[in-house]
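The structure under discussion appears below in the form of structure tokens.
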Amino acid sequence: FKQVQVSFRIFTYSPALTDYLVKNDPLIRHHILNTLSLQDSKLFLSRKGREKTQAALKDMLVKLLANSKNKEEQKLSNKVEAVYFSNFILQ
Numbered sequence: 025f026k027q028v029q030v031s032f033r034i035f036t037y038s039p040a041l042t043d044y045l046v047k048n049d050p051l052i053r054h055h056i057l058n059t060l061s062l063q064d065s066k067l068f069l070s071r072k073g074r075e076k077t078q079a080a081l082k083d084m085l086v087k088l089l090a091n092s093k094n095k096e097e098q099k100l101s102n103k104v105e106a107v108y109f110s111n112f113i114l115q
């Protein structure tokens with residue numbers, strides 16, 4: 025592929041996690057791009073591969089929160105319910 029365009033949503037019931045994601049947008053985007061760039065592009069072709077990518081994104085967010093120096097942010101690590109793709113384009 026020459027280009028992959030992905031849009032997704034992070035699902036949570038926690039307003040505190042939503043606030044964290046908004047306030048730390050550059051940090052989150054950085055880690056998302058790093059996680060996606062490590063994925064084998066062939067994963068994007070199958071449903072199982074896309075589900076593996078979703079799991080990798082969720083795991084990255086959970087680890088990022090769990091490893092935070094801020095105790096309140098660490099508590100948010102179990103508040104990430106899921107990552108859902110809303111747009112997926114391969115060219």
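Counting the sequence shown from 1 gives a position; my numbering is that position plus 24.
All C-beta atoms, glycine included, are put in the ideal place defined by N, C-alpha and C.
- Counting C-beta atoms within 10 angstroms of its own C-beta, Y108 has fewer than 16 neighbours from the protein chains shown and is therefore classed as exposed.
- Taking the Cβ atoms as the reference, L89 lies roughly 17 Å from Q78, outside the contact range of under 8 Å.
- Assignment of Q98 by DSSP, reduced to helix, strand and coil, places it in the helix class.
- According to the DSSP assignment, L69 belongs to no alpha helix (DSSP H), since it is labelled neither H nor E.
- Rounded to the nearest whole angstrom, the CA to CA distance from I113 to N94 is 36 Å.
- In this structure, L100 lies away from L51, with their beta-carbon atoms at least 7 Å apart.
- Shown here, S110 sits in a strand according to DSSP, grouped into three states.
- In the same chain as L45, and ignoring 5 residues on each side of it, the C-beta atoms closer than 7 Å to its own belong to I34 and I52, in chain order.
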